[in-house]
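Novice: Supplied in structure tokens, the structure appears directly below.
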Amino acid sequence: YSDDGFTLSTPQRYSVSNWAENLANIPQSQILQRVQSHLFFNFVWSCGLVALCYIPLDVQEIFPYPPVFDKLDLYVPFGMSSGILGILLAFRSNQSYDRFWQGRQIWVEVISTERSIARCLRYLDNPDDEYVPCMRRWLLTFPVALMQHLRGERSLSEFTALTDQDLELMEQSDNMPI
1 YSDDGFTLST
11 PQRYSVSNWA
21 ENLANIPQSQ
31 ILQRVQSHLF
41 FNFVWSCGLV
51 ALCYIPLDVQ
61 EIFPYPPVFD
71 KLDLYVPFGM
81 SSGILGILLA
91 FRSNQSYDRF
101 WQGRQIWVEV
111 ISTERSIARC
121 LRYLDNPDDE
131 YVPCMRRWLL
141 TFPVALMQHL
151 RGERSLSEFT
161 ALTDQDLELM
171 EQSDNMPI
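In structure tokens form, the structure reads like this:
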């Protein structure tokens with residue numbers, strides 16, 4: 001249910017039916033763009049380690065491994081670290097979901113407050129006052145301004161409801177949502 005009492009359908013971000021579209025959109029992923037350098041380094045590093053494991057025997061005779069490597073059991077540390085990494089990954093996933101849920105609750109509060117202000121504007125004694133259309137325009141642009149502020153973006157082309165004078169004021173402000 002929404003805060004207005006209307007039944008909302010459950011949003012479905014990913015589904016089996018549009019897997020090809022999801023696969024095609026991977027290169028535009030913001031997360032992939034942020035981690036691609038780390039991912040590339042880890043890929044090259046792991047390829048190098050795999051290549052070292054498959055050194056031909058004639059090269060091993062020329063450049064022999066130190067005798068310490070014969071006595072090392074490398075499975076134990078990798079097994080222990082994979083268990084620890086699994087726990088850390090589960091904790092991090094849980095933590096990120098908590099942050100997502102907290103952000104969603106704040107967003108619902110913002111939208112609810114906006115709706116309340118819009119209802120108050122609708123039932124004013126004199127709706128023909130000059131500030132009512134201005135307030136409506138600013139109410140329409142606040143969520144977009146807040147989104148851009150939180151993402152570190154600044155694009156005035158998305159504010160179609162504002163007048164030219166309002167756009168100039170918005171362009172001069174350091175903090176668009178305020």
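In terms of the UniProt record's numbering, the sequence shown is residues 1 to 178. Each residue gets a CB set at the ideal place from its N, CA and C atoms; glycine is no exception.
1. Express the C-alpha separation of G48 and V16 in angstroms, rounding to a whole number.
2. Let me make sure I understand the geometry here. Which of A20, F100, V35, N175 has the alpha-carbon closest to that of A145?
3. Can you check which of these residues, R137, D98, M80, is closest to Q165 by C-alpha distance?
4. Where L32 and I117 are concerned, what is the direct C-alpha to C-alpha distance, given to the nearest angstrom?
5. Below 8 Å, can you find three or more Cβ-Cβ pairs linking the segment 124-134 to the segment 144-158?
6. Which word fits T141, buried or exposed, when buried means at least 16 other C-beta atoms lie within 10 angstroms of its C-beta?
7. What residue does the alpha helix (DSSP H) around N18 start on, and which one ends it?
8. To the nearest angstrom, how far is the alpha carbon of L52 from that of A90?
9. Which residues in the same chain have their Cβ closer than 6 Å to the Cβ of D129, if we skip the five residues on either side of it in sequence?
10. Below 8 Å on the Cβ atoms is my contact criterion, and I expect V110 with P143 to pass it. Report the Cβ-Cβ distance as a whole number of Å.
11. Are L121 and M135 touching if we call contact CB-CB under 7 Å?
Specialist: Judging by the given coordinates:
1. 36 Å
2. N175
3. R137
4. 39 Å
5. no
6. buried
7. From DSSP, N18 is part of no alpha helix (DSSP H); its letter is neither H nor E.
8. 32 Å
9. none
10. 7 Å
11. yes
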